[in-house]
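Numbering (my numbering), first residue to last: 2 to 106.
Here's the structure we're looking at; comments come further down.
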């Protein structure tokens, strides 16, 4: 009986550990935003002179994974950040500068 309980406990612990390891944790994804159904990753460059007329919208939600809906980001919990189309991709106004994001894959 004792051996059976030890085996059951070991199996339960193994199952719990494998379930925890299966999920992604925050920080596993590069900074990204979804715009018009496409994911754009941060290029770590700033963009100068973004025209107000180029603004497509504002960020609407945050995720710890890849963004899955338009306006969703995984790099800032601040909502209502403007994003605009630019020659190189998408520019997001964050921390006082326009950051460049280029289309993923």
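Virtual Cβ for every residue (Gly too), placed ideally from N, Cα, C.
Range covered by the beta strand (DSSP E) that runs through residue i
{"i": "residue 51", "result": "That residue, residue 51, is in no beta strand (DSSP E); it is neither H nor E in DSSP."}
{"i": "residue 94", "result": "90-95"}
{"i": "residue 78", "result": "First-last for residue 78: undefined, no H or E at that position."}
{"i": "residue 103", "result": "98-104"}
{"i": "residue 38", "result": "Unbroken run through residue 38: none, as it is neither H nor E."}
Rounded straight-line distance, which links the Cα of residue j to that of residue i
{"i": "residue 80", "j": "residue 93", "result": "12 angstroms"}
{"i": "residue 6", "j": "residue 29", "result": "Note that residue 6 scores a pLDDT of 43, beneath 50, so its modelled location is shaky; the value from the coordinates is reported in the next line. Each residue's alpha carbon lies about 37 angstroms from the other."}
{"i": "residue 72", "j": "residue 38", "result": "10 angstroms"}
{"i": "residue 86", "j": "residue 66", "result": "23 angstroms"}
{"i": "residue 60", "j": "residue 32", "result": "13 angstroms"}
{"i": "residue 76", "j": "residue 49", "result": "21 angstroms"}
{"i": "residue 95", "j": "residue 34", "result": "12 angstroms"}
{"i": "residue 58", "j": "residue 106", "result": "23 angstroms"}
{"i": "residue 78", "j": "residue 69", "result": "15 angstroms"}
{"i": "residue 44", "j": "residue 102", "result": "5 angstroms"}
{"i": "residue 83", "j": "residue 56", "result": "7 angstroms"}
{"i": "residue 52", "j": "residue 40", "result": "22 angstroms"}
Under the three-state DSSP convention, the category residue i falls into
{"i": "residue 73", "result": "strand"}
{"i": "residue 44", "result": "strand"}
{"i": "residue 63", "result": "strand"}
{"i": "residue 86", "result": "strand"}
Residue i classed as buried or exposed, judged by whether at least 16 other C-beta atoms fall within 10 angstroms
{"i": "residue 46", "result": "exposed"}
{"i": "residue 36", "result": "buried"}
{"i": "residue 90", "result": "buried"}
{"i": "residue 98", "result": "exposed"}
{"i": "residue 74", "result": "buried"}
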